[in-house]
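As they're listed, the protein sequences go chains W and H.
First residue of the first sequence: 0, per numbering that gives the first Met the number 0; consecutive thereafter.
First residue of the second sequence: 0, per numbering that gives the first Met the number 0; consecutive thereafter.
Just so you know, even glycine gets a beta-carbon here, dropped at the ideal spot from N, CA and C.
Bear in mind that the values here come from a model prediction, so they are computed numbers and not experimental data.
Here is the structure we will look at, set down as C-alpha cells.
Number of protein chains: 2
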Amino acid sequence: MPCREKEVNPVPETFPNTPEAARPTMIDVARRAGVGLGTVSRVVNGGHGVRDETAQRVRTAIDQLGFQRNEVARALRPGKKSSSLALVLGDLTNPFYATIAKASLEVAGQSGFAVVLGSVDEDPEGEKRAIRELVSRQVAGLMIVPDQGDHAFLQGAGVPVVFVDRPATGIDADIVMVDNEGGGRLAAEHLLGQGHERIAILLAPSYYTTGRRLRGFRRAHRSAGLDVDESLVVQLPEGNAESAEKATRELMLRPDPPTAIFASTNFLTEGVLRALGELRRDPAVVGFDDFRLADMLPTPVTVVASDIAELGRSAARLLLDRAAGADTRPPQRIVLPCALIPRGSGERPPKKKR
Amino acid sequence: MPCREKEVNPVPETFPNTPEAARPTMIDVARRAGVGLGTVSRVVNGGHGVRDETAQRVRTAIDQLGFQRNEVARALRPGKKSSSLALVLGDLTNPFYATIAKASLEVAGQSGFAVVLGSVDEDPEGEKRAIRELVSRQVAGLMIVPDQGDHAFLQGAGVPVVFVDRPATGIDADIVMVDNEGGGRLAAEHLLGQGHERIAILLAPSYYTTGRRLRGFRRAHRSAGLDVDESLVVQLPEGNAESAEKATRELMLRPDPPTAIFASTNFLTEGVLRALGELRRDPAVVGFDDFRLADMLPTPVTVVASDIAELGRSAARLLLDRAAGADTRPPQRIVLPCALIPRGSGERPPKKKR
DNA sequence: ATGAAAGCGCTAACAG
DNA sequence: CTGTTAGCGCTTTCAT
C-alpha cells in the first residue's frame, strides 16, 4: 500500500469561513481517477500522450474535486519560472504610470501571466528593495520604470528585465521609451514657429526623460538660429504640480517674463496652468504627455503626446518573449514617436498682452 | 559524503544574457558557512535560537553568495500562504481604481507583502477566471472590486476575501466602501437647497454603488417633500463619459430640461461637462467622486468626495489581519463618509437661463 | 500509454 | 544550540 496515505485532516468537510480549506492536490485527483500522479500531470498540461479514455476519467475527477493546479509548486521547478511578471513603478496615481500598468497587465494576462506590483515608495533605496523582493518571488521577468540610481545589481539576477520609459544605468537591458528628444523639439519648434522667442522650459529633477526633452528643446532653438535664455530653463526641485506652480509664478512675475512655457511633464503642466489661472496671464503653453480633461480646460491645452499604452504593451510583449526564451537578440531599444496635438494653449501669439 | 552533489548543470558558468543564472540556495549557504541547512533557515527567519557567532558566519556566507530566499519554495508549505495579496479591479486607468491600488500597495508593502494584479477585462467571466488564477497562485488574500455576477464560488476558496467599493452577492465577506447613499443624499440636498426642483441623475449601468446613490437622491427629495421626476432618472447603457455626454445632450435638448444634473460617477461627470460645454448650457452640476483638475475647469466642479485612498488602505489592513489569522471577527462592513465640496458648478441657481 | 520515484528550495519536527 | 530528515505539490525522467 502507498506510504502516503493522507489520513490527516480529521474533518475536512467543515469550512464555514476557515482560512484552512484544504484544496485538493494532484494526488487526490489521481486516486480518485484511479491513475498515477504522472498521468494527471500530463492531462493537466495538455494531455498529450494519454489515452483519450484515461484523460477523460482524469478530467472528470478534476471537475468533481474542483482541483486547481498549485502554481506555486509548479514554479518550484528550477528553470520553470513562475507565470508572473513584475512591474515596478513609482506612482500609480499618475495616469501615465497607470496607463502603462493597465496595458502591460492586459498583454500579460492574455498569455496567462499575472503581474506583481512591487510597492515602490519614492525613495531610490525602496526600489532596490522592492526589486529584490520581486526577484525572490521568482517572477519570470521584470518591467521597471527605473528611478535614478545604479541598477547594476540586476545584472546577474537571472531574470530578463525590460526598462520602461527610461533606461537605467549599470545594466544593458531592453528598453521601451518614447522619443523624448523628438518630442521636446516638436514642442519648441511649434512655439518658435509661432514667433515666440522667450520660451521657458520647466524640468522635473534629474529625470532622464526631461533631460532629453530639454535637449530637443535646445536643438530646435539652434535650428532656428536662436539662443536659449538659460534663465528660462527652470530645473524644479520636485516633479510635482506645486513645484511647477511656484516656479511659474516666479517666472511670470519677472520683469521680462517668457511669452511661452513648455512644461515637460503632465503634472508640471497642471501646475503651470494653475499658476497662470491665478495670475490671469496667458502665455502660450505646451505640455509633454497628454492628460485627461486637457481639452476641457478654459483654454484647451496643446500637448506633445505619445501612445503610452503601447509603451506598456511593447514592454510586456518583449518581456514575455524574453522570458520564454523566444527572443535572444541583444538588448533592444524601442522608441515610440511623439506627436503634437494643438488645442489652443500652444497657439497663442507672442504679443505681451493680447 | 553528501548524496546531494549538484553535479548537474554541465556548464553553468556561462550566462551572457541567459535567463538561467543559477541563484544560490540555502544549501549553498550552509555548505559555505559550514553549518546545517536548518541553521541557515533559522538565521534567515530572524535568527532566534542560534549562537551569535554562528549566525554571523551564516550571514557572511549569505552576503558573499548574494543569497536570497526563494519565496516560492517557502510558500509551498501548506498553511504557509505566500506573502502576496491579490487585487482584482477593473480599469486602472480610472483614477478611482488607481488610487485604491496605490494605497493598498503601500500598506501591503509595509508588511512585506507584494500585490498581484489579475488582469481583468470588462467581462464578468474574465473576473472569475482572473480570481481563479490568482487563487491558484496561493495568494494570502484577495481584495476584489467586484463586478456583477455571483461570487459564491469564492465561498470555499480557503482564502480571506475583502470586497472593495461594493459588496458581492453569494458570499458574506468583509467589505470596505463609501457611504454611497449618504453621498447621493448630500448631492441632492445641496441642489434642492438651492431651489432646484428638476434635478436629473445619471446612473452607470447596474452598479451597486450608483443604485445606492440614487436611493440617497430619492430620499433627499422625499425629505424635501418633492417627487423625483422619473424621466430625469437616466439609466445609462454604459459607464463611460461618452455615454453620459450623449445622455446629457438629449436631456438638455428636451422641451423641459433639468436645471441641475447629478452625475453619479467621475467619468460620467466628465461626459456631462463635455456635453454642456458644447451646448453652452449651464445647469448646476454635482459629481460623485472628486477628480484631478475638477477645480480648474471653466466652472470648477462641485463634487461629493470621499477618501478613496483610505478605502484601499483599510481593505489592505483588514485583509492582512485576516490572512494572519489576527482577525477572526465575523465579516466586517466598513463605511467611509462622504463630504460635499462646493466649487461653483453646484451652486448655480435654478433660473432657466441666467 | 502509464506508474513509480526523484527531487525543486524551504520549513519544521526531531534528534543529538 | 545545531545537524538531519521528511515532506509541501508538482514536473520529469525512467521503467514497465
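Assigned secondary structure, residue i (DSSP; H/G/I helix, E/B strand, else coil)
i                 : result
Leu36 of chain H  : helix
Ser263 of chain H : coil
Arg291 of chain W : coil
Gly270 of chain W : helix
Leu84 of chain H  : strand
Val177 of chain H : strand
Thr298 of chain W : coil
Ala395 of chain W : The requested residue 395 of chain W is not part of the displayed model; chain W covers only 0 to 353.
Ala322 of chain H : helix
Gly366 of chain W : The structure shown has nothing for residue 366 of chain W, since chain W only spans 0 to 353.
Gly89 of chain H  : coil
Gly65 of chain W  : coil
Arg347 of chain H : coil
Gly183 of chain W : helix
Leu278 of chain H : helix
Leu252 of chain H : coil
Arg136 of chain H : coil
Arg332 of chain H : strand
Ala156 of chain H : coil
Ala338 of chain W : strand
Whole-angstrom distance between residue j and residue i, CA atom to CA atom
i                 : j                 : result
Gly324 of chain W : Lys127 of chain W : 25 Å
Leu91 of chain H  : Gln234 of chain W : 31 Å
Val43 of chain H  : Glu132 of chain H : 30 Å
Ser205 of chain W : Leu339 of chain W : 24 Å
Ala293 of chain H : Glu237 of chain W : 23 Å
Ala29 of chain H  : Val71 of chain H  : 19 Å
Met251 of chain W : Leu278 of chain W : 8 Å
Ile61 of chain H  : Ala32 of chain H  : 9 Å
Asp122 of chain H : Leu88 of chain H  : 12 Å
Ala187 of chain H : Ile198 of chain H : 8 Å
Val39 of chain H  : Val232 of chain W : 55 Å
Leu310 of chain H : Val34 of chain W  : 48 Å
Asp218 of chain W : Glu124 of chain W : According to the sequence as given, residue 218 of chain W is Arg; it is not Asp. Distance between the alpha carbons of Arg218 of chain W and Glu124 of chain W: 35 Å.
Leu64 of chain W  : Pro23 of chain W  : 7 Å
Asp173 of chain W : Arg332 of chain W : 6 Å
Gln67 of chain W  : Ala54 of chain W  : 16 Å
Ser358 of chain W : Ala308 of chain W : Shown here, chain W extends from 0 to 353; a query on residue 358 of chain W therefore has no answer.
Pro299 of chain H : Glu346 of chain H : 10 Å
Ala100 of chain W : Asp288 of chain W : 16 Å
Ser305 of chain W : Val114 of chain H : 28 Å
Pro257 of chain H : Lys245 of chain H : 15 Å
Val7 of chain H   : Gly108 of chain W : Model confidence at Val7 of chain H stands at a pLDDT of 33, short of 50, so the residue's coordinates are unreliable; what they give is reported in the following sentence. Computed Cα separation, rounded: 34 Å.
Val303 of chain H : Val303 of chain W : 33 Å
CB of residue i within 9 Å of CB of residue j, strictly
i                 : j                 : result
Phe112 of chain W : Ser135 of chain W : no
Val227 of chain W : Phe261 of chain W : no
Leu191 of chain H : His220 of chain H : yes
Val119 of chain H : Ala314 of chain H : no
Leu225 of chain H : Ser263 of chain H : no
Pro159 of chain W : Leu318 of chain W : yes
Ile170 of chain W : Gln154 of chain W : yes
Ile130 of chain W : Leu116 of chain W : no
Gly215 of chain H : Leu185 of chain H : yes
Arg41 of chain W  : His47 of chain W  : yes
Gly270 of chain H : Pro297 of chain H : no
Ser344 of chain H : Leu272 of chain H : yes
Ile143 of chain H : Leu86 of chain H  : yes
Glu196 of chain H : Pro348 of chain H : no
Ala223 of chain W : Ala274 of chain W : no
Arg342 of chain W : Pro94 of chain W  : no
Beta-ladder partner(s) of residue i, from DSSP
i                 : result
Thr168 of chain H : H:Asp149
Phe162 of chain W : W:Ile143 and W:Ile174
Ala199 of chain H : H:Ile260
Val232 of chain W : W:Ile200
Val57 of chain W  : DSSP, once it has assigned bridges, lists no residue as partnering Val57 of chain W.
Ala72 of chain H  : In DSSP, Ala72 of chain H forms no bridge with anything.
Ala283 of chain W : W:Ala259
Leu116 of chain W : W:Leu86 and H:Val114
Leu225 of chain W : Its beta-bridge partners do not exist; DSSP assigns none.
Note to self: Using a Cβ distance threshold of 8 Å, determine whether the stretch 207–218 of chain H contacts the stretch 176–195 of chain H, with at least three qualifying pairs required.
What the structure shows: yes
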